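The opening residue of the sequence shown carries number 19 in the numbering used here; numbering runs sequentially from there. Yeah, the Cβ is synthetic: ideal placement off N, Cα and C, and Gly gets one too. The structure presented is a predicted model; accordingly, all values stated were derived computationally and were not measured.
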Amino acid sequence: MNKKKTHFKILSVAILLLLTGFGLYKYGYKIPVLKEIPIFATGHDHQLRPVLGEEGEIDYWTCGMHPSVRLQEPGQCPICNMQLVPVEKMDKSSGEMMKDNGTDEMKMKGSSDEEMDEMQNMQGMDHSMHGMAGMNKPKSGSTSSTFTVSPERQQRIGVKTEEIKVRPMTKKIRTVGMVELDETKIEHIHTKFSGWIDKVFVDYTFQHVKKGDPLFSIYSPELVSTQEEYLLALRSNKILSENKFSEIREGASSLVNASRRRLKLWDISEGQIRELEKTGKVKTSLVIYSLVTGHVTYKNAFDNMYVEPNTRIYTIADHTTAWVNADIYESDISLVKEGQKATITVESIPGEVIEGKVAFIWPHLMAKTRTTKARIIFPNPDLKLLPEMYANVNIDIPLKTTLTVPDSAVLQTGKQNIVFVDRGNGNMEIRKVELGHEAEGYFEVLRGLNEGDRVVSRANFLIDAESKIQSAVASWNDSSDKDTMTMDKMEMKDQQKMKSEMNMDSIDEMGREMKFEKTMKMDKEPEPVMDMQKNQERKDKTNTMQNMKNDNEK
Numbered sequence: 019m020n021k022k023k024t025h026f027k028i029l030s031v032a033i034l035l036l037l038t039g040f041g042l043y044k045y046g047y048k049i050p051v052l053k054e055i056p057i058f059a060t061g062h063d064h065q066l067r068p069v070l071g072e073e074g075e076i077d078y079w080t081c082g083m084h085p086s087v088r089l090q091e092p093g094q095c096p097i098c099n100m101q102l103v104p105v106e107k108m109d110k111s112s113g114e115m116m117k118d119n120g121t122d123e124m125k126m127k128g129s130s131d132e133e134m135d136e137m138q139n140m141q142g143m144d145h146s147m148h149g150m151a152g153m154n155k156p157k158s159g160s161t162s163s164t165f166t167v168s169p170e171r172q173q174r175i176g177v178k179t180e181e182i183k184v185r186p187m188t189k190k191i192r193t194v195g196m197v198e199l200d201e202t203k204i205e206h207i208h209t210k211f212s213g214w215i216d217k218v219f220v221d222y223t224f225q226h227v228k229k230g231d232p233l234f235s236i237y238s239p240e241l242v243s244t245q246e247e248y249l250l251a252l253r254s255n256k257i258l259s260e261n262k263f264s265e266i267r268e269g270a271s272s273l274v275n276a277s278r279r280r281l282k283l284w285d286i287s288e289g290q291i292r293e294l295e296k297t298g299k300v301k302t303s304l305v306i307y308s309l310v311t312g313h314v315t316y317k318n319a320f321d322n323m324y325v326e327p328n329t330r331i332y333t334i335a336d337h338t339t340a341w342v343n344a345d346i347y348e349s350d351i352s353l354v355k356e357g358q359k360a361t362i363t364v365e366s367i368p369g370e371v372i373e374g375k376v377a378f379i380w381p382h383l384m385a386k387t388r389t390t391k392a393r394i395i396f397p398n399p400d401l402k403l404l405p406e407m408y409a410n411v412n413i414d415i416p417l418k419t420t421l422t423v424p425d426s427a428v429l430q431t432g433k434q435n436i437v438f439v440d441r442g443n444g445n446m447e448i449r450k451v452e453l454g455h456e457a458e459g460y461f462e463v464l465r466g467l468n469e470g471d472r473v474v475s476r477a478n479f480l481i482d483a484e485s486k487i488q489s490a491v492a493s494w495n496d497s498s499d500k501d502t503m504t505m506d507k508m509e510m511k512d513q514q515k516m517k518s519e520m521n522m523d524s525i526d527e528m529g530r531e532m533k534f535e536k537t538m539k540m541d542k543e544p545e546p547v548m549d550m551q552k553n554q555e556r557k558d559k560t561n562t563m564q565n566m567k568n569d570n571e572k
């Protein structure tokens, strides 16, 4: 029993000493007497303090992705949870720019804290200051802004520049079109009198006919009576031609002419009229001949079919000339003119380029496609171009010689066009430009650039910087978004206040946990002592039984 009490006292004293040492180590610096001892000195203070860098004291801690965040202690960014990086204080006497220990951000020489705050709080400028020495805020109404990117960083990100030059431009319009028939060479076949078709000579669609080929024969009572009238007028004229009265002679002659004119108006050919005069016999069936050469695209002729003047019997089209109606977009309508040369290619004739000319431009825009049509005429003697074929259309339009800028150098924000002008020694200028037509990878410069300027034509950061540039350009306007900046500052203050409250709560929680652990250990302390005593008794009993066994064996 005495042995158990001794073990319990020893264990209790050890636990008490351990808790006392931990408390002195953690909170001893608050006791004035112990504060003089080095181990309890203020250097062991757990409060966060500014740390000295290699070149000076830390000014504040910021986020590389959100420069608007400024805290007086290290930690994580309240916006993106990235690790904060230190920013060294600027030497006020020299006003030189000093770099961050993790980013390429710099303070402008002679810039005030208010200007830097306003610049960094600019919405959309999260990535803007990487590798830049800063950005000069232009005056109200200005159309340009400058910043600095070191030549080394330009080389790392692949910046390339190109000089603004005056060069001749040729606009190449690439579009599609469809092959169609020449509407001026389409003939519809009708009769100008009523009758019945006796026999059909052209009896299937797309049959090729030549001018003068017979199409069909027709019987018409009106035609028969007109022939009889003409023969009667001829006989009367022959009898009355020797009459002594001139009025009678002229009347007979005019009757012949009127009957002959009526036959011609009914499309009776001159040869058929001469044959009627020669034979003097009326033909009950008259053959109708083709007036053009081409292919029958429509047929409505059958034996014993009754037709009238409004009946379309045939449609014959000439395929030796083809039209291509090409789609022209709104931006190119002003460039396309009648008489310009154009070329097409079709899949049925690979490798062959067919040349033609623009003959007509529709004076109307199609609402669904926002395009108009340009009619291009092509010769088609070999009938290689078939109606309804798709064609790839190329129209080369020479423009004037003018100042140009590469299209890769232009950042189009939707409201305006922006370029980066390289002013040398790492100095860049954001400049607003007005552009004209685009051709061969270049834009026509109307305003904003001069010959000899160098612009950035390729850089990997341009796409990522689009939002930054839009925000920077918006800040050039007279009405800046001050309310947004105020809300950002208020949000930062609330976050800092919340963080400090969380730190105090964590300290109180830690103290409560330590007190709870101490109480639990004091309550459960006898259990290990009792276990040790039982183990010792069991061990002694085992040893005694082993000794008795050994004695018996001896």
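Helix, strand or coil, according to DSSP, for Asp425 in the structure here?
In the structure shown, Asp425 sits in a helix (DSSP, three-state: H, G or I).
In terms of DSSP beta bridges, what is Tyr222 paired with?
Under DSSP, Tyr222 takes part in no beta bridge, so it has no partner.
Using 8 angstroms for Cβ pairs, my map puts Ser277 next to Thr302. What's the rounded Cβ distance?
Incorrect: roughly 18 angstroms between the Cβ atoms, too far for contact.
Distance between Val31 and Thr24 (C-alpha atoms, nearest Å):
The C-alpha of Val31 is placed about 11 angstroms away from the C-alpha of Thr24.
Measure the Cβ-Cβ separation of Glu181 and Arg441 and say whether it is below 9 angstroms.
Judged by their CB atoms, Glu181 and Arg441 are not nearer to each other than the 9 angstroms cut-off.
Output yes or no for whether 9 angstroms exceeds the beta carbon distance between Met196 and Glu370.
The answer is no: Cβ separation not under 9 angstroms.
Determine the DSSP secondary structure at Leu383, reduced to helix, strand or coil.
Residue state for Leu383 is assigned as coil, using DSSP reduced to three classes.
Would you check if the distance between the CB atom of Leu304 and the CB atom of Ser259 is smaller than 9 angstroms?
A distance of 9 angstroms or more separates the beta carbons of Leu304 and Ser259.
State the DSSP-derived secondary structure class of Asp200, mapped to helix, strand or coil.
Correct three-state label for Asp200: coil.
Can you list, in chain order, the residues of its chain whose CB lies under 8 angstroms from that of Asn255, leaving out five sequence neighbours each side?
Counting only Cβ-Cβ distances below 8 angstroms, and skipping sequence neighbours, we find Ala270, Ser271, Leu273 and Val274.
In three-state terms, what does DSSP make of Asp77?
Secondary structure of Asp77 (DSSP, three-state): strand.
Need the endpoints of the beta strand (DSSP E) that Lys450 sits in, please.
Boundaries of the beta strand (DSSP E) around Lys450: Asn445 to Ala457.
Look at the alpha carbon of Glu295 and the alpha carbon of Ser287, and state the distance between them as a whole number of angstroms.
Across the structure, Glu295 and Ser287 are spaced so that their CA atoms are roughly 13 angstroms apart.
In this structure, does DSSP put Ser352 in helix, strand or coil?
Ser352 falls in the helix class under three-state DSSP.
I need the DSSP call for Thr502, collapsed to helix, strand or coil.
Here the model assigns Thr502 a pLDDT of 47, short of 50, so the residue's position is not dependable and the matter cannot be decided.
I think Leu453 touches Val463, with their Cβ atoms under 8 angstroms apart; what is that distance to the nearest whole Å?
That belief holds up - the Cβ atoms of Leu453 and Val463 are roughly 7 angstroms apart, short of 8 angstroms.
Is Cys98 buried or exposed, if buried means 16 or more other CB atoms sit within 10 Å of its CB?
When all chains shown are included, Cys98 counts as exposed.
If we count the other Cβ atoms within 10 Å of its Cβ and call it buried at 16 or more, is Arg88 buried or exposed?
Buried, since its Cβ has 16 or more Cβ neighbours within 10 Å.
Count Cβ pairs between the region 304-314 and the region 370-387 that sit closer than 8 angstroms; are there 3 or more?
No contact exists between the region 304-314 and the region 370-387.
Just to confirm my understanding: we take Glu246, look at its own chain, exclude 5 residues before and 5 after, and list those with CB closer than 7 angstroms. What are they?
Spatial neighbours of Glu246 in its own chain (CB-CB distance under 7 angstroms, excluding positions within 5 residues in sequence) are listed in chain order as Val300.
Using the Cα positions of Glu132 and Ile191, report the straight-line distance between them to the nearest angstrom.
Note that Glu132 scores 43 on pLDDT, short of 50, meaning its location in the model is unreliable; the coordinates nonetheless yield the value given after this. If I take the Cα positions, the gap works out to 53 angstroms.
Pull up the distance between the alpha-carbon of Arg465 and that of Val451, whole angstroms please.
For Arg465 and Val451, the distance between alpha carbons rounds to 6 angstroms.
CB of Ile207 within 9 angstroms of CB of Leu233, strictly
Taking the C-beta atoms as reference points, Leu233 is found nearer than 9 angstroms to Ile207.
Which partner residues does Ala13 have in the DSSP bridge list?
Past the edges of the chain, shown from 19 to 572, lies residue 13, and the structure says nothing about it.
Under the rule that 16 or more other beta-carbon atoms within 10 Å means buried, what is Glu326, buried or exposed?
The residue in question, Glu326, is exposed, as its Cβ has fewer than 16 Cβ neighbours within 10 Å.
Report the three-state DSSP secondary structure of Phe26 (helix, strand or coil).
The answer is helix: DSSP assigns Phe26 an H, G or I state.
Whose C-beta lies closer than 6 angstroms to the C-beta of Ser235 among residues of the same chain, with five residues either side of it excluded?
Taken in chain order, the residues that qualify are Asp216, Lys217, Ser303 and Val305.
Do you know offhand how far Leu404's Cα is from Arg279's?
Taken atom to atom, the span from the alpha-carbon of Leu404 to that of Arg279 is near 41 angstroms.
Where do the ends of the beta strand (DSSP E) carrying Lys317 lie?
Bounds of the beta strand (DSSP E) holding Lys317 are Gly312 to Lys317.
Could you pull the DSSP bridge partners for Pro104 from this structure?
In DSSP, Pro104 forms a bridge with Trp79.
Given Asn410, which residues of its chain have a CB within under 7 angstroms of its CB, disregarding the five upstream and five downstream residues?
Cβ neighbours of Asn410 beyond the five flanking positions: Val194, Ile362 and Thr363.
Kindly indicate the opening and closing residues of the beta strand (DSSP E) around Ile436.
Asn435 to Gly442 is the span of the beta strand (DSSP E), which, as asked, contains Ile436.
On the premise that Val428 lies in contact with Phe396, defined as a C-beta separation below 8 angstroms, what is that separation, rounded to the nearest angstrom?
Your pair Phe396 and Val428 does not check out as a contact, with CB atoms roughly 37 angstroms apart and the cut at 8 angstroms.
Just reading off the alpha helix (DSSP H) that Leu250 is part of, what are its end residues?
Where Leu250 is concerned, the enclosing alpha helix (DSSP H) stretches over Pro239 to Leu258.
Range covered by the alpha helix (DSSP H) that runs through Thr650:
Absent from the model: residue 650. The displayed extent of the chain is 19 to 572, so no value can be given.
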